[in-house]
Amino acid sequence: MEPNEMSVPPRPEDFPPYEIDDDMMENGVDATTTPRITRRRAGQNKIVKKKLVLEPLTPRSTESVSNLKRMKISERLERHPPASNLSAIDQLKEAVRCGSILNMGKAVYQGYENETLTDVELEEYCKVTLRPIILGSQHFKALKENLTEEQRNWMDMGHFVMAKLIGTDEQRVLEVEASIASISATTGIQYDLKSITKEHLHRSYKTDAIDHVPGVDLTVLYNNISLIKAPAKGQLSQFYTLVLATMFDPPYKVWKFTYRPNSSGKADKNFTDLPLAFMNQLFGLSWDICDYYLPKDLLVGSEDTIDETHPFLESLDCSEPIDEIMRRREGRENAKSVFKSAFSRALKSVRAYHYDLVTNTLKYCEERNTCKDHLSWNQVRHFPKLSKKTKAECNSATPSQILDFYHRSPFFGNAQEPEDIKDSAEMANSSQ
Numbered sequence: 007m008e009p010n011e012m013s014v015p016p017r018p019e020d021f022p023p024y025e026i027d028d029d030m031m032e033n034g035v036d037a038t039t040t041p042r043i044t045r046r047r048a049g050q051n052k053i054v055k056k057k058l059v060l061e062p063l064t065p066r067s068t069e070s071v072s073n074l075k076r077m078k079i080s081e082r083l084e085r086h087p088p089a090s091n092l093s094a095i096d097q098l099k100e101a102v103r104c105g106s107i108l109n110m111g112k113a114v115y116q117g118y119e120n121e122t123l124t125d126v127e128l129e130e131y132c133k134v135t136l137r138p139i140i141l142g143s144q145h146f147k148a149l150k151e152n153l154t155e156e157q158r159n160w161m162d163m164g165h166f167v168m169a170k171l172i173g174t175d176e177q178r179v180l181e182v183e184a185s186i187a188s189i190s191a192t193t194g195i196q197y198d199l200k201s202i203t204k205e206h207l208h209r210s211y212k213t214d215a216i217d218h219v220p221g222v223d224l225t226v227l228y229n230n231i232s233l234i235k236a237p238a239k240g241q242l243s244q245f246y247t248l249v250l251a252t253m254f255d256p257p258y259k260v261w262k263f264t265y266r267p268n269s270s271g272k273a274d275k276n277f278t279d280l281p282l283a284f285m286n287q288l289f290g291l292s293w294d295i296c297d298y299y300l301p302k303d304l305l306v307g308s309e310d311t312i313d314e315t316h317p318f319l320e321s322l323d324c325s326e327p328i329d330e331i332m333r334r335r336e337g338r339e340n341a342k343s344v345f346k347s348a349f350s351r352a353l354k355s356v357r358a359y360h361y362d363l364v365t366n367t368l369k370y371c372e373e374r375n376t377c378k379d380h381l382s383w384n385q386v387r388h389f390p391k392l393s394k395k396t397k398a399e400c401n402s403a404t405p406s407q408i409l410d411f412y413h414r415s416p417f418f419g420n421a422q423e424p425e426d427i428k429d430s431a432e433m434a435n436s437s438q
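For the sequence shown, my numbering begins at 7 and goes up steadily by one.
Pasting the structure below:
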């Protein structure tokens, strides 16, 4: 190409005519008026043709936006009727989304009229649906419309529905309640155990006498008890209560003991901690009856290190014994949390029992705070403070002596809380 060739401007006739396909001709495109779309690349004489594809124009609606705004409610309903295949609740949901009181009322009114809507469905929907925000001017324009009698009925029903929908403040309360319920449910599911199926226990769980706590054969106690129909936590609490109520002689001595695994305190003047060896045996039996028992050599380690020929694996009645071992490992901590909670409930139960001096048993007393024949935990607990006796005298006092003390006192502490007993004692001393 010569250096001066590009200086000559191209002439129109140098360009080939623009190509127009048949579709463009059918859509009314005129070849004489359609502009040529060309492009000359730098440094080249070749003309590159770019084919233009034109979409056929859609006819513009003759109805203007202003006319749509001035359209009456009745006309809009005729032009855009609700889908007949939608249920009454679905129509109500759509009306609430659009913020139309008239359509809300229409959906509910026709739902009752056609017997496709019930009170329960409406109540359940309104309890969880936020009331839409409707401007005063919007409602004012709706009221100025020339409504038919039927449409006025719809409007009245719409106001009724609006009143039943929840407001923003109510929604916040429901969200908080739902969060609390969700946390509670999640915690319950996390620590939930299936009900215990009672079977004869063959492994031995015995405790030796330690620190004024007598030895107990837990296996014998469990095999002789009939479990109640309840979740595992309730069944364990029943068994723990039986153990606590029968292991001491006399049985009321159990009131001096407690179990506080999560307490940071070193001592409690009212209680003595139960020996750790006793609790380990009790929870060991609990793991066994809840299907979480594992031999010591299978408690830890990776899945690959589990010996498939281990006697315990061969004793398991399942198709995948290794998976069963892993299930028991992973569930033991959650199960122990259930054990602790059940034991705490059992301690509260035995402290609510009364000691019958005649039968030498702890039992539930229907008279409770008005009982004068039995010894209660509060009486034993506050006897040293109220009697002003020495520690040795209090420890050697018999149940009948403690009960006689309260019978002779100006205040009968069985039905009183510690603060009330203290106030009564001060009043009695001041009156003397």
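Note that beta-carbon positions come from the ideal geometry of N, C-alpha and C, so glycine has one too.
Because the structure is a prediction, the values reported are computed rather than measured.
For residue i, the three-state DSSP class (helix, strand or coil)
{"i": "residue 212", "result": "strand"}
{"i": "residue 134", "result": "coil"}
{"i": "residue 360", "result": "strand"}
{"i": "residue 264", "result": "strand"}
{"i": "residue 95", "result": "helix"}
{"i": "residue 303", "result": "helix"}
{"i": "residue 106", "result": "coil"}
{"i": "residue 67", "result": "At residue 67 the pLDDT is 48, less than 50, meaning the model places this residue with poor confidence; the figure from the coordinates comes in the next sentence. Residue 67 falls in the coil class under three-state DSSP."}
{"i": "residue 165", "result": "helix"}
{"i": "residue 150", "result": "helix"}
{"i": "residue 310", "result": "helix"}
{"i": "residue 408", "result": "helix"}
{"i": "residue 336", "result": "helix"}
{"i": "residue 376", "result": "helix"}
{"i": "residue 331", "result": "helix"}
{"i": "residue 202", "result": "coil"}
{"i": "residue 2", "result": "Residue 2 lies beyond the residue range present for the chain, which begins at 7 and ends at 438; the question has no answer from this structure."}
{"i": "residue 123", "result": "coil"}
{"i": "residue 355", "result": "helix"}
{"i": "residue 228", "result": "helix"}
{"i": "residue 256", "result": "coil"}
{"i": "residue 156", "result": "helix"}
{"i": "residue 294", "result": "helix"}
{"i": "residue 100", "result": "helix"}
{"i": "residue 326", "result": "coil"}
{"i": "residue 415", "result": "coil"}
{"i": "residue 288", "result": "helix"}
{"i": "residue 392", "result": "helix"}
{"i": "residue 128", "result": "helix"}
N-terminal and C-terminal residue of the beta strand (DSSP E) that residue i is part of
{"i": "residue 367", "result": "367–369"}
Residue environment, residue i, which counts as buried when at least 16 other CB atoms sit within 10 Å
{"i": "residue 113", "result": "buried"}
{"i": "residue 324", "result": "exposed"}
{"i": "residue 144", "result": "exposed"}
{"i": "residue 358", "result": "exposed"}
{"i": "residue 397", "result": "exposed"}
{"i": "residue 317", "result": "exposed"}
{"i": "residue 334", "result": "buried"}
{"i": "residue 213", "result": "buried"}
{"i": "residue 164", "result": "buried"}
{"i": "residue 128", "result": "buried"}
{"i": "residue 126", "result": "exposed"}
{"i": "residue 308", "result": "exposed"}
{"i": "residue 220", "result": "exposed"}
{"i": "residue 104", "result": "exposed"}
{"i": "residue 111", "result": "buried"}
{"i": "residue 284", "result": "buried"}
{"i": "residue 107", "result": "buried"}
{"i": "residue 215", "result": "exposed"}
{"i": "residue 306", "result": "exposed"}
{"i": "residue 102", "result": "buried"}
{"i": "residue 345", "result": "buried"}
{"i": "residue 236", "result": "exposed"}
Residues that residue i bridges to, as DSSP identifies them
{"i": "residue 279", "result": "264"}
{"i": "residue 172", "result": "136"}
{"i": "residue 222", "result": "213"}
Host alpha helix (DSSP H) of residue i (start-end)
{"i": "residue 380", "result": "Looking at the DSSP string, residue 380 is not in any alpha helix (DSSP H), and its letter there is neither H nor E."}
{"i": "residue 250", "result": "238–252"}
{"i": "residue 400", "result": "397–402"}
{"i": "residue 234", "result": "Where residue 234 is concerned, there is no enclosing alpha helix (DSSP H), given that its DSSP letter is neither H nor E."}
{"i": "residue 319", "result": "317–321"}
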